[in-house]
Amino acid sequence: MVEIASVLAAYFAFALLHAARPERIPFGVASRLRGRRAWRVAARVLAFGFFSLSVALWGRAEAGPAAFLSALAALLVAASLFVLLAPIWPRAVWSLAVLCPPAIAALSFLGARHG
């Protein structure tokens, strides 16, 4: 459970990093965020935070360097998936990104209870 939460945290980290440039976000969001430097900085800081969470969650299943490498591999796979699927199915890609934080919390809680 914790490993899946870690992969979702890596996915969400890349989604935030991708969203740091508002013109990449579909559905008319770009017009509201364009020119707001605070959004770009906040998105990058949150992306770093979620990647750190991904490493910390992997740290519960693997030792130090292996946890970092596992989280980095998850981030690279999530980035590839995101970039390849975003032009084809933007609604699915961004919907999964929106569902990631509650799923991370639930899976982390379940993983903490069972393991």
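One gets my numbering by counting positions in the sequence shown from 1 and adding 365 to each. Backbone N, C-alpha and C fix where the C-beta goes; we use that ideal spot for every residue, glycine too. Nothing here was measured: the structure is a model prediction, and the numbers come from that model.
C-beta contact flag for Leu434 and Leu373 at 9 Å
The sequence position of residue 434 within the sequence shown is 69, counting from 1. The sequence position of residue 373 within the sequence shown is 8, counting from 1. In this structure, Leu434 lies away from Leu373, with their beta-carbon atoms at least 9 Å apart.
Determine the DSSP secondary structure at Gly481, reduced to helix, strand or coil.
Residue coverage of the chain in this structure runs from 366 to 480, which leaves residue 481 outside it and unanswerable.
What number of angstroms, rounded off, separates the C-alpha of Val420 from the C-alpha of Tyr376?
Taking the sequence shown and counting its residues from 1, one reaches residue 420 at position 55. Taking the sequence shown and counting its residues from 1, one reaches residue 376 at position 11. Straight across, the Cα-Cα distance linking Val420 with Tyr376 is about 12 Å.
N- and C-terminal bounds of the alpha helix (DSSP H) containing Glu368
Translated into positions along the sequence shown, residue 368 becomes position 3. Looking at the DSSP string, the run of the alpha helix (DSSP H) that includes Glu368 is Val367 to Ala384.
Helix, strand or coil: how does DSSP classify His388 here?
Within the sequence shown, the letter at position 23 stands for residue 388. Here residue 388 is Glu; the residue named in the question, His, does not match the sequence. In the three-state scheme derived from DSSP, where H, G and I count as helix and E and B as strand, Glu388 is classed as helix.
Alpha helix (DSSP H) segment containing Trp454, residue limits:
Counted from its first residue, the sequence shown places residue 454 at position 89. Counting along the chain, Trp454 falls outside any alpha helix (DSSP H), and DSSP gives it neither H nor E.
Alpha carbon to alpha carbon, what distance is there between Arg389 and Val367?
As a position in the sequence shown, residue 367 is number 2, starting the count at 1. As a position in the sequence shown, residue 389 is number 24, starting the count at 1. Between the C-alpha atoms of Val367 and Arg389 there is a straight-line separation of about 30 Å.
Can you name, in chain order, every residue of its own chain whose Cβ lies under 6 Å from the Cβ of Trp423, other than the five neighbours on each side?
On the sequence shown, residue 423 is found 58 positions in, with the first residue counted as 1. These residues qualify, in order along the chain: Ser371, Ala432, Ser435 and Ala436.
Quick check on Arg402: does DSSP put it in helix, strand or coil?
Taking the sequence shown and counting its residues from 1, the one referred to as residue 402 is at position 37. In the structure shown, Arg402 falls within a helical segment according to DSSP collapsed to helix, strand and coil.
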